[in-house]
Each structure stands twice: as C-alpha cells, then as structure tokens.
Amino acid sequence: ELKVEQNPLFLSMQEGKNYTIYCNYSTTSDRLYWYRQDPGKSLESLFVLLSNGAVKQEGRLMASLDTKARLSTLHITAAVHDLSATYFCAPARGSGGSNYKLTFGKGTLLTVNP
Amino acid sequence: DAGVTQSPTHLIKTRGQQVTLRCSPKSGHDTVSWYQQALGQGPQFIFQYYEEEERQRGNFPDRFSGHQFPNYSSELNVNALLLGDSALYLCASSDLGSHSGANVLTFGAGSRLTVL
Chain A
1 ELKVEQNPLF LSMQEGKNYT IYCNYSTTSD RLYWYRQDPG KSLESLFVLL SNGAVKQEGR
61 LMASLDTKAR LSTLHITAAV HDLSATYFCA PARGSGGSNY KLTFGKGTLL TVNP
Chain B
115 DAGVTQSPTH LIKTRGQQVT LRCSPKSGHD TVSWYQQALG QGPQFIFQYY EEEERQRGNF
175 PDRFSGHQFP NYSSELNVNA LLLGDSALYL CASSDLGSHS GANVLTFGAG SRLTVL
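Chains A and B, in that order, give the protein sequences.
For the first sequence, our numbering assigns the number 1 to the initial residue and increments by one for each residue that follows.
For the second sequence, our numbering assigns the number 115 to the initial residue and increments by one for each residue that follows.
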C-alpha cells in the first residue's frame with residue numbers, strides 16, 4: 001500500500017521568505033501531482049511531474065521530483081499572502097485499462113503572514 | 115466550459131439512512147473518480163468509473179457503491195450511514211483516452227455530508 005508523508009504539516013512564514021515542503025512516498029509511482037486547496041473549496045491542480053528529475057515552475061512555486069529517492073519538493077520563493085492555503089502532494093499509479101489513482105498526503109497548511 | 119459539477123452541495127442525514135451524490139464530469143472527460151475528504155485530512159480514493167464499469171476501488175466497504183451513466187455522469191451511493199461517513203465527497207474527472215500525458219484530474223467543489 002502506497003503511503004505518503006508530507007512535512008511540515010503546518011507552516012507559518014513571513015512574506016518575502018523562502019521555504020520548502022517535502023513529500024515522501026513509500027513505493028514506486030508513475031507520476032506525482034501537487035494540488036492547492038483554499039478553505040471550504042475544492043482542489044486546484046498546480047503541477048504534474050511525470051518523470052525522474054522533472055521540475056516545473058509557476059510564479060513563486062517550483063516543484064521537483066526524484067523518483068529514486070521517492071521524494072518531491074514544493075519550493076516557495078518570496079512568499080506572499082495569496083499563497084496561504086493547504087498544499088497536497090499525491091503520487092499516482094495507473095494500471096492497464098484504468099486511469100490514475102491518486103494517494104494524497106495529509107496536506108501542509110501554509111499561512112503567510114505580513 | 116463547465117468544469118466538474120456536483121450535487122447537492124450540502125446535506126444532512128441521520129445514521130442508518132442512505133444517500134446519493136451526483137457528479138457531471140468536465141466536458142470531454144470520460145472517467146470519474148470519487149474521493150472522501152474527512153475534516154483536516156487529505157482526500158481518500160473511493161473508486162473510479164470508466165465505460166460504465168468500476169475500474170479501481172480503494173479501501174471502502176461495500177456500503178459505498180457507484181454508477182456511471184452513458185453520458186459519463188456518475189453517482190455515489192452510501193447505505194447504512196455511520197457518523198464516520200461525515201465528510202466532503204469530491205468527484206474528479208479525467209480523460210482516459212487522452213495521450214497528452216499529463217492526465218490531470220479536475221475536481222468538483224464537493225458535496226459536504228453531515229451524518230447525525
């Protein structure tokens with residue numbers, strides 16, 4: 001059974017600072033997703049990482065994947081208040097004739113303070 | 115372009131009752147997955163439907179069942195409700211036939227179920 005561990009679970013940071021969220025998973029996965037969730041809202045797709053060494057960047061967020069270490073990181077650069085949300089990583093497995101099944105971590109609640 | 119739509123948005127049931135939740139996938143998507151998100155937790159995979167068949171299933175009891183219709187919409191049914199079934203139920207759609215590689219799941223806003 002695939003297990004996913006995110007850390008930290010809670011992150012309070014000041015605007016303008018940098019920080020990294022880590023996502024470790026227990027067994028081989030085909031790909032890895034990062035999602036954002038605002039309070040009371042649904043999940044918004046941020047990144048899909050498809051192979052070892054993949055790096056994707058959007059604005060102040062950059063995600064990377066190391067499949068050998070079973071580790072993905074989400075780096076936040078010069079945080080702003082609008083980034084306050086819960087961030088989930090979700091490694092995924094697919095099987096013949098089926099679509100990908102995502103296994104989510106517990107999430108990292110990010111609060112960016114002025 | 116409408117995304118994934120779910121109904122109802124909120125509902126309250128009592129223990130032992132049955133509930134049906136509905137989902138219309140994003141236009142062009144043919145696969146529907148259901149996830150349960152308890153308060154303060156990450157979503158957990160319930161099952162996935164493609165071509166009107168259940169293709170994958172997570173660790174949920176048989177009280178949880180589903181259906182996919184020819185127009186790709188889907189229903190999630192939960193029988194004999196327990197207090198622990200209180201959660202946000204998320205529907206996600208994707209396109210199994212897509213060869214783009216990314217195959218991103220698009221989530222709906224969810225149905226929040228409270229069991230008293």
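Cβ coordinates follow ideal geometry from the N, Cα and C atoms, glycine included.
Three or more C-beta pairs below 8 Å linking the region 129-140 of chain B and the region 24-40 of chain A: no
At a Cβ threshold of 8 Å, is A:Phe-104 touching chain B? yes
Is any beta-carbon of chain B found at less than 8 Å from that of A:Ser-72? no
Are the C-beta of A:Phe-88 and some C-beta of chain B separated by less than 8 Å? yes
Check distances from the C-beta atoms of the region 46-76 of chain A to those of chain B and list, in chain order, the residues that come in under 8 Å. Val-48, Leu-50
Can you tell me the Cα-Cα spacing of B:Val-192 and A:Asn-18, whole angstroms? 44 Å
Could you give the first and the last residue of the continuous beta strand (DSSP E) run that contains A:Asn-52? From DSSP, A:Asn-52 is part of no beta strand (DSSP E); its letter is neither H nor E.
Have a look at B:Ala-300 and B:Arg-177 and give me their C-alpha separation to the nearest angstrom. Beyond the ends of chain B as shown, which are 115 and 230, falls residue 300 of chain B; an answer cannot be given.
Rounded to the nearest angstrom, what separates B:Thr-220 and B:Ala-116 at their Cα positions? 11 Å
Residue from A:Gly-16, A:Thr-86, A:Thr-27, A:Gln-14 whose Cα sits closest to the Cα of A:Lys-68: A:Thr-27
For chain B, is any of its Cβ atoms less than 8 Å away from the one on A:Leu-110? no
Could you pull the DSSP bridge partners for A:Thr-20 from this structure? A:His-75
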